[in-house]
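A quick write-up on the structure given underneath.
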Amino acid sequence: MQEIIEIEEACASGNHETVVSMLESIDSFDIKKEAFLKIIGYYENKSLFATGYVLSFVKWLIFNRDYKTAMEYINKCRKKSVAEERLSQLIFESLIKPDETFYKEKFNKNLRLLRENNILFSEQEFDFDQIKKQLLIIADYQPAIPESLLEKVNGKRPLLIDIINVEFINNLLNVNYVYLVYNDVKLFYYMLLFEDFSGIDQYIKQKRLIFFLGKEKKILEDFFLNSSTITPAFCLGESINEKYTEIINEIVNVREEKHQSTLRALNDIYKDHDYRYYRDLFAKGPSDIKIMLITSDKTEINQFIVRNWYEAFLQMGYQVKLVIESEPYEYVCNHLICDSMNEFKPDIVFYINFTVNDIFHDEGEAGRNILWISRYRDSVGSELYHAEPGYKYNNMFILPVALEWEEELKKIGVPENRILSTSDGININIFTKKEKINKQHACDIVNVNNAVGSLNFRLNYYLENITNENVKKVILELVDELKEIVSDETVIFYLPNSDNFIDRLNKRIAHYGGDLTKSGKIYMDNFFLHIMDSLCRATVMEWIIDSGITKNIRLWGKGWSNCEKFKKYHMGVAQHGEELSAIYRSSKISISDSSWALHERNFEIMASGGFPLIRYVQTPEVEEMNKITNHFKENEEVVLFYSKDDLLNKIQYYLDNPEERERIAENGRNVVMHDFTNIAIARKTMEFIGSYYRE
Numbered sequence: 000m001q002e003i004i005e006i007e008e009a010c011a012s013g014n015h016e017t018v019v020s021m022l023e024s025i026d027s028f029d030i031k032k033e034a035f036l037k038i039i040g041y042y043e044n045k046s047l048f049a050t051g052y053v054l055s056f057v058k059w060l061i062f063n064r065d066y067k068t069a070m071e072y073i074n075k076c077r078k079k080s081v082a083e084e085r086l087s088q089l090i091f092e093s094l095i096k097p098d099e100t101f102y103k104e105k106f107n108k109n110l111r112l113l114r115e116n117n118i119l120f121s122e123q124e125f126d127f128d129q130i131k132k133q134l135l136i137i138a139d140y141q142p143a144i145p146e147s148l149l150e151k152v153n154g155k156r157p158l159l160i161d162i163i164n165v166e167f168i169n170n171l172l173n174v175n176y177v178y179l180v181y182n183d184v185k186l187f188y189y190m191l192l193f194e195d196f197s198g199i200d201q202y203i204k205q206k207r208l209i210f211f212l213g214k215e216k217k218i219l220e221d222f223f224l225n226s227s228t229i230t231p232a233f234c235l236g237e238s239i240n241e242k243y244t245e246i247i248n249e250i251v252n253v254r255e256e257k258h259q260s261t262l263r264a265l266n267d268i269y270k271d272h273d274y275r276y277y278r279d280l281f282a283k284g285p286s287d288i289k290i291m292l293i294t295s296d297k298t299e300i301n302q303f304i305v306r307n308w309y310e311a312f313l314q315m316g317y318q319v320k321l322v323i324e325s326e327p328y329e330y331v332c333n334h335l336i337c338d339s340m341n342e343f344k345p346d347i348v349f350y351i352n353f354t355v356n357d358i359f360h361d362e363g364e365a366g367r368n369i370l371w372i373s374r375y376r377d378s379v380g381s382e383l384y385h386a387e388p389g390y391k392y393n394n395m396f397i398l399p400v401a402l403e404w405e406e407e408l409k410k411i412g413v414p415e416n417r418i419l420s421t422s423d424g425i426n427i428n429i430f431t432k433k434e435k436i437n438k439q440h441a442c443d444i445v446n447v448n449n450a451v452g453s454l455n456f457r458l459n460y461y462l463e464n465i466t467n468e469n470v471k472k473v474i475l476e477l478v479d480e481l482k483e484i485v486s487d488e489t490v491i492f493y494l495p496n497s498d499n500f501i502d503r504l505n506k507r508i509a510h511y512g513g514d515l516t517k518s519g520k521i522y523m524d525n526f527f528l529h530i531m532d533s534l535c536r537a538t539v540m541e542w543i544i545d546s547g548i549t550k551n552i553r554l555w556g557k558g559w560s561n562c563e564k565f566k567k568y569h570m571g572v573a574q575h576g577e578e579l580s581a582i583y584r585s586s587k588i589s590i591s592d593s594s595w596a597l598h599e600r601n602f603e604i605m606a607s608g609g610f611p612l613i614r615y616v617q618t619p620e621v622e623e624m625n626k627i628t629n630h631f632k633e634n635e636e637v638v639l640f641y642s643k644d645d646l647l648n649k650i651q652y653y654l655d656n657p658e659e660r661e662r663i664a665e666n667g668r669n670v671v672m673h674d675f676t677n678i679a680i681a682r683k684t685m686e687f688i689g690s691y692y693r694e
């Protein structure tokens with residue numbers, strides 16, 4: 000290009016004024032950038048650093064938002080000992096000053112978000128005016144994160160040093176929680192100035208992102224020595240990496256010594272908790288028995304259910320303690336649970352979906368002897384399958400919600416007299432019939448569930464943990480086939496069986512030279528059941544909407560708006576509890592389409608005075624005794640639908656016959672109030688466990 004040739008000639012002649020004039024006359028971004036690079040390169044070839052040209056180049060790059068190149072040359076300036084004050088002033092004048100109000104608002108908004116969520120740990124603070132005076136864009140500004148690092152972080156919690164790129168952080172947050180430490184506190188405040196936290200605000204509010212500012216070792220110790228905190232798996236970042244690794248290792252050692260001491264104490268406490276101990280204990284009254292219940296504040300439904308059990312045990316006269324973890328539901332905070340056990344010394348521990356093996360890992364008397372109630376609301380956990388050899392927990396009872404899971408438990412050696420299939424009872428102080436209808440929630444048809452709208456979320460959740468791209472491809476192909484299968488209405492009324500799905504998956508994976516492991520089959524069994532649940536429930540609502548029987552339909556739960564057909568009926572997410580009860584009471588018909596015969600949603604609807612229209616699901620023989628019609632008289636206390644036509648006919652009939660609808664609803668409510676309250680279920684459970692020790 001002629002302009003570049005002329006500039007090179009002007010540089011060679013030493014005509015500085017001509018060079019500047021020619022640069023100013025170039026309009027094309029690409030040509031001007033190349034011209035600057037030629038000029039700077041010309042002086043570098045002569046072992047000279049053209050500071051003036053470089054600073055002009057940086058200013059021009061910032062103005063044109065080419066930050067990557069700007070940072071490259073800022074670093075060159077720093078290596079050539081160009082004063083950082085001079086660089087900061089240049090950046091301020093070219094970037095901040097033209098739109099100072101915008102940057103100040105962004106800075107203060109980000110800082111306010113963090114302060115409101117209590118995740119800053121430091122005494123050091125800077126405000127906008129202080130930061131803008133010593134402004135410096137940091138070169139460690141990676142736009143992407145290597146796959147190798149993502150794999151390293153997946154399932155492990157990293158501690159990162161001096162990372163200021165929100166996109167980089169966001170990629171990590173997609174696979175795990177993140178701790179961020181800032182050796183140079185100014186780096187953190189620079190990030191607040193240049194980055195937009197709105198894209199990760201949900202992680203901040205969930206405490207998935209924790210910031211530590213400064214070098215204060217005590218701040219780290221106070222945080223990580225808390226038994227409810229999971230320590231980071233590794234440190235990432237060059238500056239002071241060694242120092243922080245040393246600090247974390249020291250903290251981990253202290254925590255582990257404390258934990259081992261707690262385990263020794265627990266083994267001593269529970270060494271004599273044998274069959275005879277619990278036989279004598281159950282001969283006493285509830286006031287002599289201590290029960291500790293565990294849940295996570297990251298799971299709304301399971302937390303609500305555990306609180307119901309807690310309230311029931313409390314009202315029955317037991318000594319109870321509720322431990323609420325702050326960790327995500329899929330993690331188990333062993334240190335907090337063991338510390339709580341050591342303090343409370345419970346006779347019984349109650350935990351949803353987790354077993355004693357998750358806490359004690361087959362070690363010591365405490366794990367073998369404690370009376371542990373594991374409540375399974377999802378399919379039987381894979382950790383039970385690894386409890387080799389056989390089933391070795393002396394006093395663990397399993398409470399699955401589905402009777403068919405009993406067979407799986409028996410296969411791995413769980414004694415039949417320590418398995419009780421039962422529903423979760425409802426709290427009648429919350430789900431109660433109010434005579435006054437809430438007009439805000441009144442409608443003909445309501446459906447409350449998260450399964451339909453969360454189909455893509457569930458799909459992505461499972462796929463995130465699969466690293467083999469060929470396996471992902473096969474799974475997506477099979478999901479498309481499942482969508483076709485569900486279009487056959489008879490499929491909707493049969494309990495999904497994953498055997499055929501897993502068999503087809505295994506055969507297709509074999510084409511790529513792979514094979515599903517035992518734990519992989521369990522994982523894909525869960526995947527299949529969740530995806531089929533979403534697809535079947537979506538199909539039921541499509542039938543209702545397409546029928547045109549009524550347009551007065553309301554859908555509550557996460558993600559319905561993701562489906563075009565459901566979007567206009569979506570009301571948002573209902574708060575579990577009194578709002579949900581008001582929704583059920585104010586709706587003429589509540590569609591209940593879970594594959595669980597005795598899902599607590601049916602009881603919540605009935606207790607609230609609502610009318611559930613329940614999908615009949617044909618189940619294996621083992622489930623026959625678990626039919627809802629074994630507990631409720633059909634068409635007198637409960638109404639089921641058996642096909643698409645049956646569903647639509649019954650909707651029309653019960654909308655046209657409100658008196659009969661109300662009569663059946665009241666009859667069903669009476670059964671629930673007698674047999675399916677949280678106290679009734681808790682009493683049934685304790686009688687079952689007590690009978691084991693009276694044998």
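With numbering that gives the first Met the number 0, letter number 366 in the sequence shown gets 365, and the count goes up by one each step, no holes. Glycine included, every Cβ here is placed at the ideal spot set by N, Cα and C. Note that the structure is predicted; figures quoted are calculated from it, not measured.
Which residues mark the beginning and the end of the alpha helix (DSSP H) in which residue i is found?
i	result
Cys337	333-343
Leu504	498-509
Lys58	50-62
Tyr42	28-44
Gln314	299-314
Gln1	1-12
Ile168	165-172
Asn666	657-674
Measuring alpha carbon to alpha carbon, tell me which of the options ends up nearest residue i.
i	options	result
Gly667	His630, Asp644, Ala679	His630
Leu528	Phe500, Arg507, Ile548, Arg553	Phe500
Ala537	Leu554, Phe526, Thr549, Met523	Leu554
Phe359	Tyr269, His15, Ala282, Ile427	Tyr269
His272	Leu86, Tyr392, Asp545	Tyr392
Tyr178	Phe196, Lys131, Thr230	Thr230
Arg64	Phe28, Leu86, Glu84, Ile38	Phe28
Ala509	Asn467, Asp524, Asn109	Asn467
Phe343	Leu321, Ser325, Ile246, Gly363	Leu321
Ile695	Ile444, Leu265, Ile436	Nothing about residue 695 can be reported from this structure: the residues present for the chain run from 0 to 694 only.
Let's see if you can read the secondary structure: which residues bound the beta strand (DSSP E) around residue i?
i	result
Gln205	Segment: none, Gln205 is in no beta strand (DSSP E) and carries neither H nor E.
Trp555	552-555
Phe349	347-351
Leu158	157-160
Asp273	It is not in any beta strand (DSSP E) - Asp273 carries neither H nor E in the DSSP assignment.
In chain order, what residues of the same chain lie with their CB nearer than 6 Å to the CB of residue i, ignoring the 5 residues before and after it?
i	result
Arg374	Ile351, Leu398
Leu94	Ile61
Phe610	Ile588, Arg660, Ala664
Ala69	Val57, Leu60, Ile61
His334	Ser226, His258
Lys289	Gln318, Pro345, Asp346
Leu462	Lys471
Ala386	Residue placement at Ala386 is flagged as unreliable, the pLDDT there being 45, under the threshold of 50; a coordinate-derived value is accordingly withheld.
Ala49	Ile39, Tyr42
Lys438	none
Please list, in chain order, all residues of the same chain as residue i whose beta carbon is under 8 Å from its beta carbon, the five residues on each side excluded.
i	result
Tyr615	Phe492, Leu639, Phe640, Tyr641
Pro142	Confidence in Pro142 is poor, its pLDDT being 45 and thus under 50, which makes the residue's placement unreliable; the coordinate value appears in the next sentence. Excluding positions up to five away in sequence, the list reads Lys67, Asn164, Glu166, Phe167.
Lys432	Arg584, Ala606, Ser607, Gly608, Arg668
Pro388	Here Pro388 scores only 37 on pLDDT, less than 50, and its place in the model is too uncertain to base an answer on.
His15	none
Ile3	Ile30, Glu33, Ala34, Lys37
Asn116	Ile203, Lys204, Lys206
Glu415	Glu405, Lys409
Provide the residue(s) that pair with residue i in DSSP beta bridges, ordered along the chain.
i	result
Pro399	Tyr375
Glu483	DSSP lists no partner for Glu483.
Tyr493	Gln617
Leu321	Leu292
Taking 7 Å as the limit between beta carbons, can you name the residues of its chain near residue i, skipping five residues before and five after?
i	result
Phe353	Val331, Ser373
Any beta-carbon of chain C closer than 9 Å to the one on residue i?
i	result
His575	Protein chain content of the structure displayed is limited to a single chain, and chain C is not contained in it.
Unbroken beta strand (DSSP E) runs of length 3 or more, entirely within the stretch 521-550: which are they? none
So within the stretch 574-644, which uninterrupted alpha helix (DSSP H) runs reach at least 4 residues, ignoring any that extend past its ends? 577-585, 599-606
What residue ranges within the stretch 70-133 form continuous alpha helix (DSSP H) runs of no fewer than 4 residues, ordered along the chain? Entirely contained in the stretch 70-133, the alpha helix (DSSP H) runs reaching 4 residues are, in chain order, 83-90, 99-115, 127-132.
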